[in-house]
Every structure is written in C-alpha cells, then in structure tokens.
Amino acid sequence: MSDPTEIPTDHANPARRRAESVVIVNTGDGKGKSTAAFGVVVRAVARGWRVAVVQFIKSGNWNVGEEAVCRDRLGVDWWALGEGFTWDSTDLTRDQAVAQAAWAHAAAVVGAGEHRLVVLDEITYPMNWGWIDTDAVVAAIAARPAAVNLVCTGRDAPGALVDVADTVTEMRKLKHAYDTGVLAKKGIDY
Ligand code: ATP
Ligand code: MG
Numbered sequence: 007m008s009d010p011t012e013i014p015t016d017h018a019n020p021a022r023r024r025a026e027s028v029v030i031v032n033t034g035d036g037k038g039k040s041t042a043a044f045g046v047v048v049r050a051v052a053r054g055w056r057v058a059v060v061q062f063i064k065s066g067n068w069n070v071g072e073e074a075v076c077r078d079r080l081g082v083d084w085w086a087l088g089e090g091f092t093w094d095s096t097d098l099t100r101d102q103a104v105a106q107a108a109w110a111h112a113a114a115v116v117g118a119g120e121h122r123l124v125v126l127d128e129i130t131y132p133m134n135w136g137w138i139d140t141d142a143v144v145a146a147i148a149a150r151p152a153a154v155n156l157v158c159t160g161r162d163a164p165g166a167l168v169d170v171a172d173t174v175t176e177m178r179k180l181k182h183a184y185d186t187g188v189l190a191k192k193g194i195d196y
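Each residue of the sequence shown is one higher than the last, beginning at 7 in this note's numbering.
Written out as structure tokens, the structure reads:
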C-alpha cells in the first residue's frame with residue numbers, strides 16, 4: 007500500500023528522497039508571497055512544530071493582524087525587526103543598522119535550530135539594497151541545522167538565494183487592484 011500522506015506518489019523513481027528540510031523562496035511582483043508563507047506557518051503549527059517569523063520590513067500597522075493571531079493564538083515566535091525603517095526613509099545609515107541587527111537575530115534563530123520552520127519575510131529587500139550581505143545570508147542558509155525549514159519572501163530574489171533554495175515560486179502580477187486605485191484592504195492585504 008502506498009502512503010497516502012506522501013505526495014507526489016512516484017515511488018518508481020529511485021531519485022525520490024525525503025529531505026530533512028527544504029528552503030522555499032516566494033518572489034516576483036504579484037500578490038501572495040507573504041500570504042503563502044503564512045499558509046506554511048499554519049501547516050507547520052498543525053504538525054506541532056515550533057515556528058518563528060522574522061520580518062525585515064514593517065510598514066506601519068499593516069501586519070498586526072497576522073502577527074497577533076500567529077503569536078497569541080498559534081504560539082509562533084514573531085519578530086518584526088524592520089520596524090523603524092520605511093520605504094521613503096532617507097536615514098540610510100540607521101536603516102542599514104536596523105537591517106543588520108534584524109539579520110543578526112534571524113541568523114541566530116536559524117542557527118539555534120530550535121524552530122523547525124523559520125520564515126524570513128521580505129528578506130530580499132535588505133539584500134538587494136546592499137544593507138545585509140547576500141553571501142552571508144546564503145552561507146547561513148546552506149549551513150543551517152538539518153531540520154530547519156525556511157521560507158524566504160520578497161521581490162527580486164537574488165540569484166544566489168534562488169540557487170540555494172529547493173523550491174522557488176515567482177508570483178507574477180497579471181492584475182493588482184492597487185493599480186486601479188483600490189487601497190489595501192484589511193482582512194485581505196493585511
Ligand atoms: P501579500 O502579503 O498580500 O501576500 P506579497 O507579500 O506578495 O503580498 P509585498 O510586496 O510584500 O507582496 O506587498 C505587501 C503589500 O502590498 C500587501 O498588502 C499586498 O497585498 C500588496 N501588494 C502585493 N503585490 C502588489 C502589487 N503588485 N501591487 C500593489 N500592491 C501589491
Ligand atoms: Mg510580502
């Protein structure tokens with residue numbers, strides 16, 4: 007009998023194997039990168055895993071909804087460390103320092119191996135802006151404890167991050183309501 011919990015079911019293929027953990031990257035300019043990551047959080051919590059979320063960008067109160075429910079009701083360890091840096095900030099030195107502190111914390115969380123799933127939400131932005139060292143991030147991902155699964159989100163994932171990942175999905179925008187003037191909606195966008 008095949009194990010119905012195992013997907014895909016191509017048992018004949020000898021190359022199939024169980025990986026102890028995987029690295030997922032959700033990138034692209036379409037909507038759904040962070041919400042897909044939070045979908046995985048729900049799955050991980052459902053299996054009794056310890057889960058951590060580190061957010062590298064926080065725009066005002068946009069994320070309070072999922073932060074509160076994940077932290078208070080699902081027991082997820084959640085750090086919104088991008089708080090204080092904004093899209094239009096001119097205070098680059100401070101923003102860079104905040105991003106580096108956020109990465110130092112994230113690297114410690116990943117390296118500690120206490121969480122079986124770690125989400126690095128919006129991590130591509132500080133990488134692309136040169137605020138944190140992409141090579142250092144990729145090296146830490148490659149050297150992570152074997153049981154730590156990762157989900158990284160953000161537009162324009164650097165090639166080295168794509169290379170180290172097992173699963174990479176590009177959300178491509180066909181349409182976005184924002185383009186016709188529709189404002190971000192509570193319950194849908196945050
Ligand atoms: P979501 O959090 O909805 O999954 P995302 O993580 O894919 O979105 P981000 O770039 O992190 O996208 O954008 C955060 C906010 O911007 C969300 O409120 C999201 O709905 C919105 N958004 C996402 N893609 C677009 C787009 N192409 N144009 C305008 N707004 C967008
Ligand atoms: Mg996002």
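Cβ atoms here follow ideal geometry from the backbone N, Cα and C, with glycine treated the same way.
This one's a predicted model, so the numbers in the text were calculated from it and none came from an experiment.
Please name the residue, chosen from E73, W137 and I129, that lies closest to T33 on a Cα-to-Cα basis. The count along the sequence shown starts at 1 and reaches residue 33 at position 27. Nearest C-alpha to T33: I129.
Helix, strand or coil at W109 according to DSSP, with G and I counted as helix: Along the sequence shown, one-based indexing puts residue 109 at 103. Note: W109 maps to helix in three-state DSSP.
Closer than 7 Å: residues whose CB approaches a heavy atom of the ligand MG: K39, S40, D127, E128, T159 and G160
A145: which of V29, R23, R22 and A25 sits nearest, CA to CA? Position 139 of the sequence shown holds residue 145. Considering only alpha carbons, the answer is V29.
Report yes or no: do the stretch 141 to 161 and the stretch 108 to 128 share at least 3 C-beta pairs separated by less than 8 Å? yes
Counting pairs of Cβ atoms below 8 Å between the stretch 159 to 170 and the stretch 21 to 28, do you hit three or more? no
On the DSSP bridge assignment, give the partners of I30 in chain order. Locating residue 30 in the sequence shown gives position 24, where the first residue counts as 1. According to DSSP, which records beta bridges pairwise, I30 is partnered with V157 and T173.
Tell me which residues share the same chain as P132 and place their Cβ nearer than 6 Å to its Cβ, disregarding the 5 neighbours each side in the sequence. Numbered from its first residue, the sequence shown carries residue 132 at position 126. So the list reads F62, A105 and I138, once near-sequence residues are dropped.
When DSSP labels each residue in this structure, what does D185 get in the three-state scheme? For this step, residue 185 is matched to residue 179 along the sequence shown. Three-state result, D185: helix.
From W85, A118 and W135, pick the residue whose C-alpha is nearest to that of Q102; which is it? Position 96 of the sequence shown holds residue 102. It is W135 whose Cα lies nearest to the Cα of Q102.
For the stretch 131 to 156, list the alpha helix (DSSP H) runs that are entirely contained and at least 4 residues long, ordered along the chain. 140 to 148
Using alpha carbons as the reference points, say which of V174, K181 and G117 lies closest to K39. Stepping through the sequence shown from its first residue, residue 39 is reached at position 33. Among V174, K181 and G117, the Cα nearest to that of K39 belongs to V174.
Please confirm whether any heavy atom of the ligand ATP lies closer than 7 Å to the CB of H121. Taking the first residue of the sequence shown as 1, we reach residue 121 at position 115. Result no, Cβ not under 7 Å from the ligand ATP.
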